[in-house]
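J.: Right, I'll just put the structure down here and ask away after.
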Amino acid sequence: MARYGLEVRISHAPLGFGYGGDVIGPLPEIRTLDQIRPSLRDPHCDGPEQVYAIAMDVARQPHLAELKKRMLLFGIVTYAPGRLGAEPVRSQGHIHRISAHSGWSPPELYEVWQGRAIIYMQERVAHDPGRCFAVCAGPGEQVLVPPGWAHATLSADPETPLTFAAWCDREYGFEYQAVRKHQGLAWYPLLQGRHIVWQQNPRYRPGRLQVVTPRRYTEFGLTDAPIYRQFEQSPARLQFISQPGRIAEKWAHFEP
1 MARYGLEVRI SHAPLGFGYG GDVIGPLPEI RTLDQIRPSL RDPHCDGPEQ VYAIAMDVAR
61 QPHLAELKKR MLLFGIVTYA PGRLGAEPVR SQGHIHRISA HSGWSPPELY EVWQGRAIIY
121 MQERVAHDPG RCFAVCAGPG EQVLVPPGWA HATLSADPET PLTFAAWCDR EYGFEYQAVR
181 KHQGLAWYPL LQGRHIVWQQ NPRYRPGRLQ VVTPRRYTEF GLTDAPIYRQ FEQSPARLQF
241 ISQPGRIAEK WAHFEP
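1 is the number of the first residue of the sequence shown in UniProt numbering; add one for each residue after it.
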């Protein structure tokens with residue numbers, strides 16, 4: 001994935017990553033089907049035993065000190081091909097835990113590397129989920145999830161494994177309890193052939209889902225360059241990820 005600024009090899013048999021050059025990263029964490037069943041539409045469905053692999057804190061060695069100083073962390077995720085019953089392969093959905101150093105539930109900036117993704121997000125996990133968006137993105141496209149929103153990432157093509165990267169807070173943590181209590185987020189993605197359709201989760205108040213394409217986040221100083229290269233060019237540009245309170249006014253009426 002050198003085109004995205006890092007020498008990283010993606011493996012799907014088994015799921016995982018390899019690092020080259022001056023890139024360092026951990027052994028991946030594997031999420032299994034049994035681990036994510038509580039958030040699926042059909043918790044008893046069939047699917048790949050290993051659903052996705054996550055490597056958090058991937059970086060070029062010379063950048064590590066700067067990343068730690070700015071409380072930034074770069075992660076990579078790759079999904080297995082296939083489906084989870086009638087649903088696409090996806091994450092279970094979560095909210096970011098409030099970071100002690102900022103007092104905010106931090107945002108997250110995604111970038112698709114392989115395959116096609118839909119990043120689903122909703123304002124809150126409550127009977128009324130607020131605004132709900134599904135952002136459909138392909139390789140090289142970026143999607144920003146704002147602070148405090150619940151979200152999940154799904155593979156929009158069951159034949160092509162999805163790989164994506166993201167900038168997040170170094171003090172990251174995931175809250176799953178509220179999502180599991182509602183047996184998922186407010187909308188379930190379902191596969192019809194190779195297309196995604198949406199079904200409302202009856203545990204939420206009925207509402208509207210906005211399906212959109214990615215936009216340029218110029219108000220945050222972001223460009224269409226790969227998101228790791230944007231950090232290389234200007235580390236301060238990504239500071240809003242770990243310090244979202246500095247630009248609180250930009251989140252008030254945010255639309256992805």
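For each residue, glycine too, the CB sits at the ideal point set by N, CA and C.
Is the Cβ-Cβ distance between Q199 and Y188 less than 8 Å?
T.: For the pair Q199 and Y188, the CB atoms are nearer than the 8 Å cut-off.
J.: Consult DSSP for I119 and reduce its assignment to one of helix, strand or coil.
T.: strand
J.: If you draw a straight line from the C-alpha of L154 to the C-alpha of G21, how long is it?
T.: 30 Å
J.: Could you tell me which residues DSSP puts in a beta bridge with Y19?
T.: V8
J.: To which residues of the same chain is I196 closer than 6 Å at the C-beta, ignoring the five residues directly before and after it?
T.: A156 and P189
J.: Starting from the C-beta of F164, find all residues in its chain whose C-beta is less than 7 Å away, skip the five residues before and the five after it, and write them out in chain order.
T.: Non-local beta-carbon contacts of F164 in its own chain, meaning distances under 7 Å to residues more than five positions away in sequence, involve V77, Y110, E111, V112, W113, A117 and T153 in chain order.
J.: Can you give me the C-alpha to C-alpha distance between H94 and P62, rounded to a whole angstrom?
T.: 32 Å
J.: Would you list the residues sitting across from P88 in a DSSP beta bridge?
T.: R83
J.: Take Q233 and list the residues in its own chain whose beta-carbon comes closer than 8 Å to its own, dropping the five residues that flank it on each side.
T.: A225
J.: Would you mind reading off the limits of the beta strand (DSSP E) that contains A53?
T.: Q50 to M56
J.: When the distance is taken between beta carbons, is Y52 closer than 8 Å to Y79?
T.: yes
J.: Can you tell me whether residue 257 is buried or exposed, with buried defined as 16 or more other CB within 10 angstroms of its CB?
T.: It is not possible to answer for residue 257, since the shown part of the chain is limited to 1 through 256.
J.: Quick check on DSSP: helix, strand or coil for H63?
T.: helix
J.: What is the C-beta distance between L33 and G47, in whole angstroms, given that I count them as a contact (C-beta under 8 Å)?
T.: 5 Å
J.: Compare the beta carbon distance of P146 and P107 with 8 Å and say whether it is the shorter of the two.
T.: yes
J.: Curious, which full-length alpha helix (DSSP H) runs of at least 4 residues does the region 226-251 contain?
T.: 227-233, 239-242 and 248-251
J.: Around the Cβ of L185, are there at least 16 other Cβ atoms within 10 angstroms (buried) or fewer (exposed)?
T.: buried
J.: Do you know how far the Cα of G140 is from the Cα of I241?
T.: 19 Å
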